[in-house]
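Asker: Got a structure for you, questions after.
Numbering (our numbering), first residue to last: 104 to 180.
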């Protein structure tokens, strides 16, 4: 009753293919591969877009801050 033999694994694989079908299994494997690629790209840090977004956000915040200061000055007058 110890470990599984190759025949046990082949029977399990056959049951999985019969239950899910080959299209769903290949689609799932493709999605898993894409997810792994995206994860690796994220870990490498090749994408410089977030740094540009941070700079844009800071510029927008500064503009919004100066607009709100002007609005307060107009109300005070």
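Even glycine gets a Cβ: it sits at the ideal position worked out from N, Cα and C.
Helix or strand or just coil, what does DSSP make of residue 107?
Answerer: It is coil, neither helix nor strand.
Asker: For a quick check, are the C-beta atoms of residue 139 and residue 128 less than 8 angstroms apart?
Answerer: No, the Cβ-Cβ distance between residue 139 and residue 128 is not below 8 angstroms.
Asker: Taking the alpha-carbon positions, what's the residue 124 to residue 109 distance?
Answerer: Each residue's alpha carbon lies about 21 angstroms from the other.
Asker: Whole angstroms is fine: what's the gap from residue 134's alpha carbon to residue 106's?
Answerer: C-alpha separation (whole angstroms): 31 angstroms.
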